[in-house]
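Everything on this sheet refers to the single structure shown next.
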Amino acid sequence: MSSLDELIATLYSHARSASDNAHSPYSGARVGASVLDEQGNIYSGCNVENGSYGLTQCAERNALAAAVHAGMKPGTAHTILIYATGFDALAPCGACRQVMSELMANDALVISCHSEDVYRSWSIGELLPDPFILS
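As numbered in the working numbering, residues -10 to 124 make up the sequence shown, in order.
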């Protein structure tokens, strides 16, 4: 089994389980995400939609917020897996890409799937080559 297959096997059930708690009355897409940090800790989140669409919370940002809340230090998450119903692979939105670039490791891997066999993966740099960074 490749390391990518191992990462998917490790994170898939957590993300899928998180999607069961999604609040998605508008899109119908139930999304869950799980973050793996360098210590082997896994943090999960789901999407929470809102009638005022800009207030919707994506699963990716909720999982990363849960990780920070639990004490994860920025730059120590190396993988996030996104599970979504209704999509073969759901690419993260721009807001999630920016948050990932700030909270995850520079060489972090983003995996998106609806099964353990059908997925896409990207590096943070592929998703957001020129992140907004305050200096």
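Don't be surprised by glycine CBs; every beta carbon is placed ideally from N, CA and C.
How is residue i classed by DSSP in three states: helix, strand or coil?
i      : result
Cys85  : helix
Ile122 : coil
Ser110 : strand
Ser23  : strand
Taking the beta carbon of residue i as the centre, do at least 16 other beta carbons fall within 10 Å, making it buried, or is it exposed?
i       : result
Ser112  : exposed
Leu117  : buried
Ala(-2) : exposed
Asn39   : exposed
His58   : exposed
Leu(-7) : exposed
Tyr1    : buried
Cys47   : buried
Quick one, are the C-beta atoms of residue i and residue j less than 8 Å apart?
i      : j      : result
Val99  : Ile69  : yes
Ala55  : Tyr32  : yes
Gly21  : Ser8   : yes
Ala80  : Ser101 : yes
Ala97  : Met89  : yes
Glu115 : Thr65  : no
Ala18  : Thr74  : yes
His67  : Ala94  : yes
From which residue to which residue does the beta strand (DSSP E) around residue i run?
i     : result
Leu98 : 93 to 102
His67 : 66 to 73
Ser33 : 31 to 35
By the DSSP assignment, the alpha helix (DSSP H) with residue i in it spans what residues?
i       : result
Leu(-7) : -8 to 8
Glu49   : 48 to 58
Spatial neighbours of residue i within its chain, please: CB distance less than 7 Å, with the 5 preceding and 5 following residues excluded, ordered by chain position.
i      : result
Ala52  : Ala22, Ser23, Val24, Tyr32, Ser33, Gly34, Ile69
Arg109 : Ala78, Ser101
Phe121 : Gln87
Once the 5 residues before and after residue i are set aside, which same chain residues still bring their CB inside 6 Å of it?
i     : result
Pro63 : Leu92
For residue i, which residues from the same chain have a beta carbon less than 8 Å from its beta carbon, with the 5 sequence-adjacent residues on both sides left out?
i     : result
Tyr42 : Tyr15
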